[in-house]
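In our numbering, the protein residues as written are -14 to 435. In this text, a Cβ means the ideal position worked out from N, Cα and C, and glycines have one as well. Let me begin by presenting the structure, written as structure tokens, before commenting on it.
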């Protein structure tokens, strides 16, 4: 075990969006099997374990178990135990330090670089470096640290606009809005009084004003589109940078959208509540990942959902991109290391990636995708042929915005960022005052963390 692992404690990075309801009616996988690997001539079986971000007995856990079962059929010399609830940040570092970590870990990209600096992971570059061409440069870079591959890109998502095609048609909107001005105009047109009581009961877009992670990442998209940065770093020193003309403009625009085109109880809603509103046709648009499409599919044809790219702001497009890596913790050696690499090679292969789109089984017996493959060469697979709208999520990989640029941002988010944003969107303070507060308190947190 690398001794430098214990020198620096890590701040937990991952407060990223967790509104992840399940999604999709594809009931069978069209994935072709990967070439089988012969069992060891001596009949030896190597036992390893893999820990994922979700409970092992959840729909997502069961979907991943199916992938592992297929792997075991094709690799008789390896058995894989599936464990749920992988740790993040400091807890993950502690788990690795204990020497009791599972051999394969699902690691969120926000943890990969900070923990890799401490020598937490086996460098996979020699074994998987040739796979780089199968991924967008932005995705590959999330897995890299100082020339080492900290984990193999596996699953991910981007956030795009999910919209109700029926409500768009009813409102006479023939094209999906592409700019901020068009987006606002469409949201206003979709905010209407349908029952004649003098109050809007259908709204243009569902946005979260509730203090929490969903407010943070939703505003973060518009901030990126305006050209704002959460943090700047020079000569190894980081400073909060969101208090800028670009950041203020984005917060003012976000607040206008929320107060004028979202339900009046938006200040009390998180991402899950917004998805319910979209499914019930209370809102005509939402910002969501692949799981958001299911909110239409699960209505059994009451309306059809489309997927469009996020609008172009003053600085262009920007959206949240999340990638989960498959990493091997330092200390795994010998047969277990070889078996772990064999599993990662299988799970990152194109046929296994297609199995991802089969999704998780819901109570209705149908399957709904919960993430997308992170490879860029999936467009010719059957799922993408049947559901080309999912290619829009892959487009988002081309314009990522970092929502956790430094380890201290998780603390900044918890202690000041989302609180200040909530005060701004609720009208208690101005956008400028909110971001000034984030700057002052955020820089103090950064200074005191050293």
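If the criterion is Cβ atoms closer than 8 Å, does the pair residue 138 and residue 308 meet it?
yes
Cβ distance (whole Å) where residue 246 is taken to contact residue 184 below 8 Å
So it is not a contact: roughly 14 Å between Cβ atoms.
Tell me residue 240's beta-bridge partners as DSSP assigns them.
Answer by DSSP bridge pairing: none, since residue 240 is not bridged.
Cβ shell of residue 177 (< 7 Å), same chain only, five flanking positions each side left out:
185, 187
Beta-carbon contacts of residue 129 that lie in its chain and below 6 Å, excluding the five residues immediately before and after:
none
Please state whether DSSP places residue 428 in a helix, a strand or coil.
helix
Looking only at its chain, what residues have a beta carbon closer than 8 Å to the beta carbon of residue 51, apart from the 5 residues adjacent to it on each side?
340, 343
Within 10 Å of its beta-carbon, does residue 226 have 16 or more other beta-carbons around it, so buried, or fewer, so exposed?
buried
At 4 residues or longer, what runs of the alpha helix (DSSP H) sit wholly inside the stretch 214 to 300?
230 to 246, 256 to 264, 279 to 282
Per DSSP, the bridge partner or partners of residue 68:
36
In the DSSP output, what is residue 368 paired with across the bridge?
Paired residues: none, contrary to the question.
Three-state secondary structure (DSSP) of residue 30
coil
What is the rounded straight-line gap between the Cα of residue 190 and the Cα of residue 268?
5 Å
Spatial neighbours of residue 299 in its chain, beta-carbon cut-off 8 Å, leaving aside the 5 residues before and after
165, 210, 211, 212, 231, 234
From the DSSP output, in three-state form, read off residue 188 for me.
strand
Go ahead and pull the three-state DSSP assignment for residue 327.
helix
Pair within 8 Å by beta-carbon distance, residue 140 and residue 359:
yes
Do the stretch 369 to 386 and the stretch 142 to 162 make contact, defined as three or more Cβ pairs closer than 8 Å?
yes
Span of the alpha helix (DSSP H) around residue 94
94 to 102
C-beta atoms of residue 168 and residue 296 nearer than 8 Å:
yes
Which residue or residues does DSSP assign as beta-bridge partners of residue 346?
352
Can you tell me whether residue 391 is helix, strand or coil according to DSSP?
coil
For the beta strand (DSSP E) that contains residue 404, what are its first and last residues?
Careful: residue 404 lies outside any beta strand (DSSP E), inside the alpha helix (DSSP H) at 403 to 410.
Short Cβ contact (8 Å threshold) for residue 68 with residue 86:
no
In the structure shown, what three-state DSSP assignment does residue 176 receive?
coil
Are the Cβ atoms of residue 109 and residue 77 separated by less than 8 Å?
no
Touch check for the stretch 105 to 123 and the stretch 312 to 327: three-plus C-beta pairs under 8 Å?
yes
To the nearest angstrom, how far is the alpha carbon of residue 306 from that of residue 279?
19 Å
By alpha-carbon positions, which one of 350, 197, 270, 224 ends up nearest to residue 410?
197
Taking the C-alpha atoms as reference points, what is the distance between residue 369 and residue 376?
7 Å
According to DSSP, is residue 80 helix, strand or coil?
helix
Residue 378 and residue 275 - do their beta-carbons sit closer together than 8 Å?
yes
If you draw a straight line from the C-alpha of residue 71 to the C-alpha of residue 49, how long is it?
14 Å
CB-CB under 6 Å to residue 171, same chain, minus the five flanking residues each way: which ones, in chain order?
158, 162
Taking Cβ positions, are residue 44 and residue 346 nearer each other than 8 Å?
yes
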